[in-house]
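Its first residue numbered 32, the sequence shown is counted upward by one per residue in my numbering. Below is one structure, written out as structure tokens; comments come after it.
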Amino acid sequence: MDGEEIMTTKQTIQIEPAKRMTGLPTQFFSTLVAKANKQVALGKDVINLGQGNPDQPTPPHIVSSLQQAAANPQYHKYPPFSGYSFLKEAIVTRYKEDYDVDLDPQTEVAILFGGKTGLVEISQCFLNPDDICLVPDPGYPDYWSGVALAGASMHFMPLLERNEYLPDFAAIDPAIADKAKLMFLNYPNNPTGATADGAFYDEAIAYARKHNIIVTSDFAYGTIGFDGKKPTSFLQSEGAKDVGIEFYTLSKSYNMAGWRVGFALGNAQIIEQINLIQDHYYCSLFGGIQEAAAVALTSSQDCVEQLTATYERRRNALFTALDEIGWKAAKPSGSFFCWLPVPAGHTSASFADLLLEEAAVVVAPGHGFGTSGEGYVRLGLLTSEERLQEAIYRIGNLNLFDRT
Numbered sequence: 032m033d034g035e036e037i038m039t040t041k042q043t044i045q046i047e048p049a050k051r052m053t054g055l056p057t058q059f060f061s062t063l064v065a066k067a068n069k070q071v072a073l074g075k076d077v078i079n080l081g082q083g084n085p086d087q088p089t090p091p092h093i094v095s096s097l098q099q100a101a102a103n104p105q106y107h108k109y110p111p112f113s114g115y116s117f118l119k120e121a122i123v124t125r126y127k128e129d130y131d132v133d134l135d136p137q138t139e140v141a142i143l144f145g146g147k148t149g150l151v152e153i154s155q156c157f158l159n160p161d162d163i164c165l166v167p168d169p170g171y172p173d174y175w176s177g178v179a180l181a182g183a184s185m186h187f188m189p190l191l192e193r194n195e196y197l198p199d200f201a202a203i204d205p206a207i208a209d210k211a212k213l214m215f216l217n218y219p220n221n222p223t224g225a226t227a228d229g230a231f232y233d234e235a236i237a238y239a240r241k242h243n244i245i246v247t248s249d250f251a252y253g254t255i256g257f258d259g260k261k262p263t264s265f266l267q268s269e270g271a272k273d274v275g276i277e278f279y280t281l282s283k284s285y286n287m288a289g290w291r292v293g294f295a296l297g298n299a300q301i302i303e304q305i306n307l308i309q310d311h312y313y314c315s316l317f318g319g320i321q322e323a324a325a326v327a328l329t330s331s332q333d334c335v336e337q338l339t340a341t342y343e344r345r346r347n348a349l350f351t352a353l354d355e356i357g358w359k360a361a362k363p364s365g366s367f368f369c370w371l372p373v374p375a376g377h378t379s380a381s382f383a384d385l386l387l388e389e390a391a392v393v394v395a396p397g398h399g400f401g402t403s404g405e406g407y408v409r410l411g412l413l414t415s416e417e418r419l420q421e422a423i424y425r426i427g428n429l430n431l432f433d434r435t
């Protein structure tokens, strides 16, 4: 049109996330990474002991099996929804050999996209908005994520040093216990490094029966036990499969964190629901990865034993250095984490910030794992003995501890 200006207006719709998204807990590890990266950008030689990412490569025989399997055209198609039977049979064989636990590969095993996926899915499978989940405090923050997505509530079970970082079931209000529907346990424990024995699991099973609670055992560090003691599986206790399941992963035992292979094991009714929700989310893992995972589980376990020995040497080197600078703490009995008290006058956050800024050492502040984590920091044994010792000596130079 002559002399007439045509106006066009772009109207943006209002984007409003669902309530389940706005209610998710803050991922404090992302903040930790951002702080560390800022120091790296300043040119500092940062030693990152704050994260739980295994530093060693996947054993060569496992990598080789994937390379060969990738050429199999059968695996270029969609895999079976619940995964290949050969992988389920491999995990059943491993559990029988390692823990003398009998499992039905078809009804008592679910293949997961890493253990984390299952730990989030379990809450979505069984919790309604009016339900309560019993959660360890301190504990793995992604337990909270699953509960939040389900719209349920959490009741925290304090893990205290005086109780060897085991929950005190007697301290839980019976009215809370009767309303609880799900309970998370995790040994060897993240972040404390504590382990649990069969007597504890027997107690947990009896408690779950009394209050009709599903037990979820997070056994992510199941092969990493120190001082000649092998970690105990929840499924080794009589009646475990009547009340719950165990989550197992290849991430830590075989340095396969990036491969995302995990399992849910135990009660058939619970496994059925996990498979059902995954039918709506996924179409199982790439077949080549499943074949390589089966090789990892069924071939020589020397690599697993060597890895645990490496972590034990690192733990011992770290604690020798800690003793030299006067930082007193109990050695972990499992996992690849150390749980250390902060010096007087500091919170876990202020101490972590001080170590990063003044010593270029990253540690995870304990409050990020729950209220009972305040007063502690978590260190990972995920670098060489030399770098671990250097990190502690840097901290020692700050003169925060009494060396006498």
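A virtual CB, placed ideally from N, CA and C, is assigned to each residue, including glycine. No experiment lies behind these values; they were computed from the predicted model shown.
Span separating the alpha-carbon of residue i from that of residue j
| i | j | result |
| --- | --- | --- |
| glutamine 321 | leucine 328 | 11 Å |
| cysteine 14 | isoleucine 203 | The requested residue 14 is not part of the displayed model; the chain covers only 32 to 435. |
| leucine 150 | phenylalanine 157 | 12 Å |
| serine 113 | leucine 191 | 39 Å |
| alanine 422 | leucine 429 | 12 Å |
| glycine 319 | proline 111 | 13 Å |
| isoleucine 356 | alanine 179 | 42 Å |
| valine 166 | lysine 210 | 14 Å |
| histidine 242 | histidine 107 | 47 Å |
| glutamate 277 | alanine 295 | 6 Å |
| methionine 214 | proline 169 | 14 Å |
| alanine 206 | alanine 390 | 48 Å |
| arginine 418 | phenylalanine 60 | 21 Å |
| glutamine 98 | glutamine 105 | 14 Å |
| tyrosine 252 | alanine 352 | 24 Å |
| valine 64 | glutamate 269 | 42 Å |
| alanine 361 | alanine 101 | 45 Å |
| isoleucine 301 | phenylalanine 317 | 24 Å |
| glutamine 337 | arginine 291 | 22 Å |
| proline 374 | valine 392 | 16 Å |
| alanine 340 | glutamate 416 | 12 Å |
| aspartate 15 | tyrosine 342 | As shown, the chain starts at 32 and ends at 435. That puts residue 15 outside it, with no answer to give. |
| alanine 67 | tyrosine 424 | 19 Å |
DSSP-derived helix/strand/coil call for residue i
| i | result |
| --- | --- |
| histidine 186 | strand |
| valine 335 | helix |
| lysine 210 | helix |
| glutamate 322 | helix |
| methionine 32 | Any reading at methionine 32 must be qualified, since the residue scores a pLDDT of 48, below 50, and its modelled position is unreliable; the value itself is stated next. Coil, per DSSP. |
| isoleucine 301 | helix |
| tryptophan 358 | coil |
| phenylalanine 432 | coil |
| tyrosine 424 | helix |
| serine 381 | helix |
| glutamate 388 | helix |
| tyrosine 285 | coil |
| phenylalanine 177 | Inspection of the sequence shows that residue 177 is occupied by glycine rather than by phenylalanine. In the structure shown, glycine 177 sits in a helix (DSSP, three-state: H, G or I). |
| asparagine 11 | Absent from the model: residue 11. The displayed extent of the chain is 32 to 435, so no value can be given. |
| threonine 329 | helix |
| valine 373 | coil |
Under 9 Å between C-beta atoms of residue i and residue j
| i | j | result |
| --- | --- | --- |
| glycine 289 | valine 246 | no |
| phenylalanine 187 | threonine 53 | no |
| threonine 254 | valine 140 | no |
| serine 379 | proline 363 | no |
| aspartate 199 | alanine 183 | no |
| arginine 344 | proline 222 | no |
| threonine 89 | tyrosine 279 | no |
| glutamate 152 | glutamine 309 | yes |
| asparagine 220 | glycine 365 | yes |
| tyrosine 312 | threonine 263 | no |
| phenylalanine 368 | glycine 411 | yes |
| threonine 453 | alanine 299 | One cannot answer for residue 453 here, as it falls past the ends of the chain, which runs 32 to 435. |
| leucine 216 | phenylalanine 265 | yes |
| tyrosine 115 | alanine 325 | yes |
| serine 407 | tryptophan 370 | Checking the sequence, you will find tyrosine at residue 407 rather than serine. Yes, Cβ-Cβ distance for tyrosine 407 and tryptophan 370 is below 9 Å. |
| glutamine 155 | alanine 121 | no |
| isoleucine 236 | alanine 208 | no |
| lysine 127 | aspartate 133 | yes |
| phenylalanine 144 | glycine 293 | yes |
| serine 248 | alanine 271 | yes |
For residue i, the residue or residues it bridges with in DSSP
| i | result |
| --- | --- |
| phenylalanine 368 | Gly411 |
| phenylalanine 400 | DSSP, once it has assigned bridges, lists no residue as partnering phenylalanine 400. |
| phenylalanine 317 | According to DSSP, which records beta bridges pairwise, phenylalanine 317 is partnered with nothing at all. |
| threonine 280 | Gly293 |
| asparagine 79 | Val393 |
| leucine 165 | His186 and Met214 |
| glycine 275 | Val246 |
Chain D within 9 Å of residue i, Cβ atoms only
| i | result |
| --- | --- |
| glutamine 304 | Among the chains in the structure shown there is no chain D, since it carries only a single protein chain. |
So within the stretch 89-160, which uninterrupted alpha helix (DSSP H) runs reach at least 4 residues, ignoring any that extend past its ends? 91-100, 116-130 and 146-157
Every unbroken alpha helix (DSSP H) inside the stretch 201-269 [4 residues or more]: 205-210 and 229-242
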